[in-house]
Amino acid sequence: MEIISYDDLRNIVKSGDVISIAALSTGNLPMEVLKHLAEQHDEHGNLDNLTFVVANDISDFDDGFDLDSFVSRGMVKRIITSLMVASPVTVEAVKNNEIEAYFLPQGIIAISYRDQAFSSPGTITKIGLNTVVDPRLSGGKVNDASRDDLVSLMKINNEEYLHYDFPKINIVLLRGTYADEDGNIFMTHESHLGEGFSAASAAKKNNGKVIVQVKEIIAKGSFNPRDVFVPSELVDYVVINKNPKYHKQVIQTYYDPALSGHHRISQSKEKFLEFGARKIILRRSAQFLKRGHAVSIGYGINNELSNVLREEQADHLVKLNIDTGIFGGIIGSRNHFGMNYNLDARMRHDMTWDFIFNGGLDIAFLSFAEIDKAGNVNVSKFGERMNGSGGFIDISQTVKTLIFSGTMVVGSESHCKDNELVIDSEGHSKKFVDTVQSLDFNADYSRELGQDVYYVTERAVFQLTDEGMELIEIAPGLSLEKDVLSQMDFKPKISKDLKVIKSELFQETWGKLAETIENNH
Numbered sequence: 000m001e002i003i004s005y006d007d008l009r010n011i012v013k014s015g016d017v018i019s020i021a022a023l024s025t026g027n028l029p030m031e032v033l034k035h036l037a038e039q040h041d042e043h044g045n046l047d048n049l050t051f052v053v054a055n056d057i058s059d060f061d062d063g064f065d066l067d068s069f070v071s072r073g074m075v076k077r078i079i080t081s082l083m084v085a086s087p088v089t090v091e092a093v094k095n096n097e098i099e100a101y102f103l104p105q106g107i108i109a110i111s112y113r114d115q116a117f118s119s120p121g122t123i124t125k126i127g128l129n130t131v132v133d134p135r136l137s138g139g140k141v142n143d144a145s146r147d148d149l150v151s152l153m154k155i156n157n158e159e160y161l162h163y164d165f166p167k168i169n170i171v172l173l174r175g176t177y178a179d180e181d182g183n184i185f186m187t188h189e190s191h192l193g194e195g196f197s198a199a200s201a202a203k204k205n206n207g208k209v210i211v212q213v214k215e216i217i218a219k220g221s222f223n224p225r226d227v228f229v230p231s232e233l234v235d236y237v238v239i240n241k242n243p244k245y246h247k248q249v250i251q252t253y254y255d256p257a258l259s260g261h262h263r264i265s266q267s268k269e270k271f272l273e274f275g276a277r278k279i280i281l282r283r284s285a286q287f288l289k290r291g292h293a294v295s296i297g298y299g300i301n302n303e304l305s306n307v308l309r310e311e312q313a314d315h316l317v318k319l320n321i322d323t324g325i326f327g328g329i330i331g332s333r334n335h336f337g338m339n340y341n342l343d344a345r346m347r348h349d350m351t352w353d354f355i356f357n358g359g360l361d362i363a364f365l366s367f368a369e370i371d372k373a374g375n376v377n378v379s380k381f382g383e384r385m386n387g388s389g390g391f392i393d394i395s396q397t398v399k400t401l402i403f404s405g406t407m408v409v410g411s412e413s414h415c416k417d418n419e420l421v422i423d424s425e426g427h428s429k430k431f432v433d434t435v436q437s438l439d440f441n442a443d444y445s446r447e448l449g450q451d452v453y454y455v456t457e458r459a460v461f462q463l464t465d466e467g468m469e470l471i472e473i474a475p476g477l478s479l480e481k482d483v484l485s486q487m488d489f490k491p492k493i494s495k496d497l498k499v500i501k502s503e504l505f506q507e508t509w510g511k512l513a514e515t516i517e518n519n520h
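This is how it looks when you write it as structure tokens:
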């Protein structure tokens, strides 16, 4: 291991390199490294044609350095990621075919480094079959500029699999809290553990270089050797952070010991969710929970499920999981997204996907952008938005029970009166459409997998059956035709035993979720 200055980076990272960054948003993001690479390009103009492989979205939602900084400078050839919601310049470049882009499943990207490390001929898996990443559809290609086939179909013992052929990583940019004098990396202050160990292993196998940004160098033996996250043998260079702005623990703060498991809080910093459509949706969705369930919390509305469970004093009955490796505790949402407190455990990002792929989860709560008449779901593309699906495909193909949650119409407004739902004004875009724009969840394939699937809105609840979408519940006070069916581009099957959603959910205070979970069998 060699301690280097930021100026030395220009002699290490070269044009045409394939760069991995193991980070989520600001968490674990070596932003000062990115800053200097971009600025060195401004000065010398000799760093371009880069490929970035990032399992998750990276940004500080501020004026820091991220994908947009490199794309706006014309430094990027290709991006391979699962999610892109915080990089508007990059999204526009993708739309305009200025760079190549591939949206692939988050979990597959995270574990692909291990396959490179032990010389596997790519990642071979069933994850992604019959979805937008299947080569019979788009193969994960986002635009016309993306011509190479990174995903192919193959058969083993007459069963279909996808073969993901990622480019070989030769530069890995990581962040740790400390490096000791030998170069062992510790994640002491980090809010989550990424896939950095596996990415570093892949780079070494490919004769590449591993660069780690840390807060400071500590004496050898300062910490328990069991706390080493990346051993020195996998680390080539260490740079020391100069400006704390570029080493924030999460978007919201430089460092909070409660976010790294060194302190427990007695009360959440987040207020309970205001009463409205979102809370009604989450209350109804949560009624599918059973005591002891291992629960996947998806991005979007479901990120507030932890909030509702706490308000209902039911959070102790289930075990929440975020696919970045967070288990249990208080899962933050809205302005507190990424701020997760009182954790039971945290695990390496790639190892969390091992847990998920091998049946560790009982139920998943996922969002939707569109649902079609077959029950297929689009979460990655809606109107002008082009997000990618994150871990949606990975999770939705491995969990026994799926709950898709969201408002029924984009932009609609409603309120509750006398425990009934009142639609004040209709929205501007229907979510229940004839055909989804992006096939991120395939209902036919779900039936093959034997999954139980429900779609929960504030107005109605649907179930996936052998005959397609079936309406099984309607909110109290609504007209079936005017408020539900007319807001859909197709007519679902209507249950002969159509029920009314419990009216008690449509009031300011409820208080019966814990009892409901306990009584579910």
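In numbering that gives the first Met the number 0, the protein residues as written are 0 to 520. Where a beta carbon is used, it is the ideal one built from N, C-alpha and C, also for glycine. The model shown is predicted, which means the values in this text are computed figures rather than measured ones.
>> Going by C-alpha to C-alpha distance, which of Asn339, Arg309, Pro134 sits closest to Thr252?
In response: Nearest of Asn339, Arg309, Pro134 to Thr252, Cα basis: Asn339.
>> Could you tell me the alpha carbon to alpha carbon distance between Trp352 and Ala22, rounded to whole angstroms?
In response: 15 Å
> In chain order, what residues of the same chain have a beta carbon less than 8 Å from the beta carbon of Met385, not counting five sequence neighbours either side?
Replying inline: Same-chain partners within the cutoff: Met83, Val90, Val93, Lys94, Val141, Ser379.
>> Can you check which of these residues, Ile11, Leu477, Arg277, is closest to Gly410 by C-alpha distance?
In response: Arg277
> DSSP beta-bridge partners for Tyr177?
Replying inline: The bridge partners DSSP lists for Tyr177 are Phe185, Glu215.
> Between which two residues does the alpha helix (DSSP H) harbouring Gln39 extend?
Replying inline: 30-43
> Hey, Tyr112 and Ala37 are a contact pair by Cβ (cut 8 Å); roughly how many whole angstroms apart?
Replying inline: With 8 Å as the limit, Tyr112 and Ala37 do not qualify as a contact, their Cβ atoms being about 24 Å apart.
> Is the beta carbon of Leu319 sitting closer than 8 Å to the one on Ile516?
Replying inline: no
> Using CA coordinates, which residue listed in Phe364, Leu365, Arg333, Asp314 is at the minimum distance from Asp343?
Replying inline: The option with the nearest alpha carbon to Asp343 is Asp314.
> CB-CB under 7 Å to Gln312, same chain, minus the five flanking residues each way: which ones, in chain order?
Replying inline: Ala513
>> Taking DSSP's pairing of strands, which residues face Arg534 in a bridge?
In response: Within the shown structure, residues of the chain are numbered from 0 to 520, placing residue 534 beyond reach of any answer.
> Would DSSP call Gly26 helix, strand or coil?
Replying inline: Annotated three-state conformation of Gly26 is strand, per DSSP.
> Excluding five sequence neighbours on each side, which residues of the same chain lie with their C-beta closer than 6 Å to the C-beta of Tyr254?
Replying inline: His188, Gln248
> Within the chosen definition, does the stretch 164-178 reach the stretch 105-120 through at least 3 CB pairs nearer than 8 Å?
Replying inline: yes
>> Below 8 Å on the Cβ atoms is my contact criterion, and I expect Asp451 with Lys399 to pass it. Report the Cβ-Cβ distance as a whole number of Å.
In response: 7 Å
> What are the boundary residues of the alpha helix (DSSP H) that His348 is part of?
Replying inline: 348-356 is the span of the alpha helix (DSSP H), which, as asked, contains His348.
> According to DSSP, is Ala442 helix, strand or coil?
Replying inline: helix
> Is DSSP giving Phe69 helix, strand or coil here?
Replying inline: Residue state for Phe69 is assigned as helix, using DSSP reduced to three classes.
> Which residue's Cα is closest to the Cα of Phe367: Asn441, Phe222, Val294?
Replying inline: Asn441
> In terms of alpha-carbon separation, which member of Gly449, Leu504, Phe489 lies closest to Ile473?
Replying inline: Leu504
> Is the distance from the Cβ of Gly121 to the Cβ of Asp148 below 8 Å?
Replying inline: no
>> Here's a check: name, in chain order, each residue in its chain whose Cβ is nearer than 6 Å to the Cβ of Gln506, leaving out the five neighbours to either side.
In response: Asn418
>> Check for me: the alpha helix (DSSP H) holding Glu310 runs from which residue to which?
In response: 304-310
> What are the start and end residues of the alpha helix (DSSP H) that includes Gln115?
Replying inline: Gln115 -> alpha helix (DSSP H) spans 105-116.
>> Within a Cβ cutoff of 7 Å, which residues of the same chain sit near Arg9, ignoring the five residues on either side of it in sequence?
In response: Gln39, His43
> So, Ile364 versus Ser445, is the Cβ gap smaller than 8 Å?
Replying inline: Note on residue identity: the sequence assigns Phe, not Ile, to residue 364. In this structure, Ser445 does not lie closer than 8 Å to Phe364 by Cβ.
>> If you follow the alpha helix (DSSP H) that Ala570 is in, where does it begin and where does it stop?
In response: In the structure displayed, the chain extends from 0 to 520; residue 570 sits before or after that span and is not available.
> Hey, out of Gly73, Asp59, Met0, whose CA is closest to Gly15's CA?
Replying inline: Gly73
>> Tell me whether the stretch 461-476 and the stretch 488-498 touch, counting them as touching only if at least three CB pairs, one residue from each stretch, are closer than 8 Å.
In response: yes
> What is the DSSP secondary structure of Phe274, counted as helix, strand or coil?
Replying inline: If DSSP states are grouped into helix, strand and coil, Phe274 belongs with coil.
> How many Å lie between Ala285 and Met346 at the Cα?
Replying inline: If you take the alpha carbons of Ala285 and Met346, they lie about 25 Å apart.
>> Taking 8 Å as the threshold (C-beta atoms), are Ser332 and Asn306 in contact?
In response: yes
>> With the cut-off set at 8 Å, would you say Val88 and Asp67 are in Cβ contact?
In response: yes
> Using the C-alpha atoms, what's the distance from Leu128 back to Phe534?
Replying inline: Residue 534 is absent from the structure shown; the chain starts at 0 and stops at 520.
> Buried or exposed: which applies to Arg174, given that a residue is buried once 16 or more other Cβ atoms fall within 10 Å of its Cβ?
Replying inline: Using a 10 angstroms sphere on the CB of Arg174, the tally of other CB atoms reaches 16 or more, which defines it as buried.
> Mind checking whether Val209 and Lys203 have CB atoms under 8 Å apart?
Replying inline: yes
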